[in-house]
Amino acid sequence: MQYQEAYQRLELYGQTHLLQYYDTLSSEQQAALLQQIADMDFSVLERAMQKETPRGKLEPLGACTISEIAEKQAEYRKIGLDAIRSGSVGAVLLAGGQGSRLGCSGPKGVFQIGVNNDLTIFECLFRNLMEVTAEAGVAVPLFIMTSETNDAETKTFLEKKQFFGYPKDFVYFFVQEMAPVVDADGKILLETKSRMAVSPNGNGGWFSSMQRAGLLDVLEQKHITWLNVFAVDNVLQRMADPCFIGATIAANCTCGSKVVAKANPDEKVGVLCLEDGKPSIVEYFEMTDDMRNLREPDGTLTYRYGVILNYLFRVDQLCKTLHCNLPLHRAFKSVACLTEDGTTVKSEKPNGYKLETLVLDMVHMQENCLLYEVDREREFAPVKNAEGPDSIETARELLKKNGVTL
Ligand code: UTP
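Per the working numbering, residue -8 is the first one in the sequence shown, and the count goes up by one each step.
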């Protein structure tokens, strides 16, 4: 792409300020900037500035509870194990995030959760997955989503650790796309004089990124019909859980979601409910006080079930929605950007809006969803923050309670 063409492209989106230092750059830097402009999907800017569509009619949605699951445990387990053994289940690890709240510079999965022992988040997850594959007697294809920023480091780390004993042939990597970082007026920030500030485009694009990486062919060849998608940062995460898979299949649902009963009305988790008759996740900040505090006659919260980013999707249903644009969310985060004196500084405070699609919005595109309740003490130990709630300390406590030696 030549300068003139890049300028015209930027003009369409009100972003010509990105070329303000062009004349001061070396020819390599100029070429790199023009290439970045050529590769960027600027249409996300328009979507990001669109007003959010108002919510439809919200209604509570019940779950398959822990006690109901216990009663049917053997039945569900068998259905799930049969599905895994027949090769129809794949797992997708969402590991493209930046962990800005945790303050880690590399991939979150390499974060040390061990105290006296070497124990990374990745190892916790592989151990949990291997409990299932040992029981099933077969490995589950594992698709790992990384981002441009952490792809090389993630691969090098996992290869060095020999995937903690997981068969390498069952692991596939794919890289998610990047999106521009903007200021409050929708202007893209510069990271340096020759580079736009960009960040991974959220965890909602994982299926389209798999498609771009050619992995839908792998799904087809291997006859994978279910994908269990989960976050990297829950060290108690149970992947390809046979009972969860079995319960979703037995309920004849096209989608399943692990949920926990909210600890209190103000807990910061998204709640799974019905919106205009379809499953939908309402984020904690979208809930009104009334909705948050509404209770059933027995005292339990009406909007009770929080999601923990562990979903089961049917591949044929995902394919049907591939062409749909997911809503774009703006997340105010601290990002490295160019300062007035020409240096790049990572701000301590949030200073830019990352543009992200979210996997939770995919749930609303499904016909129905089984809410599968799990015990938070056994399955929910998120590592989001350096300290306080959902932090390294709280996760370590929960790991210890579950008998993990740290
Ligand atoms: P979070 O929403 O907690 O984001 O990710 P994050 O980037 O890890 O952390 P913060 O917000 O910067 O502190 C939830 C899950 O989604 C993945 C993360 O790796 C984590 O497993 N994710 C998030 C992606 O794979 N890509 C993204 O662009 C964002």
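All residues carry an ideal CB built from backbone N, CA and C; glycine is no exception. All values reported here derive from a predicted model rather than from experimental measurement.
Looking at residue j and residue i, is the spacing between their C-beta atoms short of 8 Å?
i      : j      : result
Leu329 : Glu168 : no
Phe102 : Leu206 : no
Leu300 : Val365 : no
Gly128 : Phe235 : no
Ile179 : Val374 : no
Phe110 : Leu397 : The amino acid at residue 110 is misidentified as Phe; the sequence shows Leu. Yes. Within cutoff.
Gln357 : Thr245 : yes
Gly195 : Asp352 : yes
Gln228 : Asn119 : yes
Gly268 : Tyr302 : no
Val223 : Gly379 : no
Glu139 : Val166 : yes
Leu93  : Ala386 : no
Leu3   : Ile28  : no
Glu50  : Leu265 : yes
His320 : Glu347 : yes
By DSSP, does residue i sit in helix, in strand, or in coil?
i      : result
Pro270 : strand
Lys99  : helix
Ala170 : strand
Phe235 : helix
Ser363 : According to the sequence shown, residue 363 is Tyr rather than Ser. In the structure shown, Tyr363 sits in a strand (DSSP, three-state: E or B).
Ser382 : strand
Met187 : strand
Ala86  : coil
Cys315 : coil
Ile135 : strand
Val260 : coil
Ile104 : coil
Arg34  : At residue 34 the sequence reads Ser, which differs from the Arg that was named. Residue state, collapsed to three classes: helix.
Leu303 : strand
Thr111 : strand
Ala127 : helix
Arg369 : helix
Glu150 : helix
Thr15  : helix
Thr7   : helix
For residue i, is the classification buried or exposed, using 16 other Cβ atoms within 10 angstroms of its Cβ as the cut-off for buried?
i      : result
Met295 : Just to set this straight, residue 295 is Arg in the shown sequence, not Met. Label assigned to Arg295: buried.
Val298 : buried
Phe276 : exposed
Gly237 : buried
Phe221 : buried
Thr239 : buried
Cys95  : buried
Phe323 : exposed
Lys151 : exposed
Ala188 : buried
Gly193 : buried
Asp232 : buried
Gly333 : exposed
Ser34  : exposed
Pro132 : buried
Ser17  : exposed
Assuming residue i and residue j make a contact with CB atoms under 8 Å, what is their CB distance in whole Å?
i      : j      : result
Ala82  : Met201 : Not a contact, Cβ separation roughly 12 Å.
Pro318 : Glu43  : 7 Å
Met136 : Leu85  : 5 Å
Val273 : Val262 : 5 Å
Pro98  : Asn141 : 4 Å
His355 : Pro270 : 6 Å
Phe371 : Val251 : 5 Å
Measuring only between beta-carbons, confirm whether residue i sits less than 8 Å from chain C.
i     : result
Glu66 : The chain labelled as chain C is not found in the depicted structure, where only one protein chain is given.
Is residue i near ligand 2, in the sense that its beta carbon is under 7 Å from a heavy atom of that ligand?
i     : result
Leu93 : With respect to small molecules bound, the structure shown includes ligand 1 and not ligand 2.
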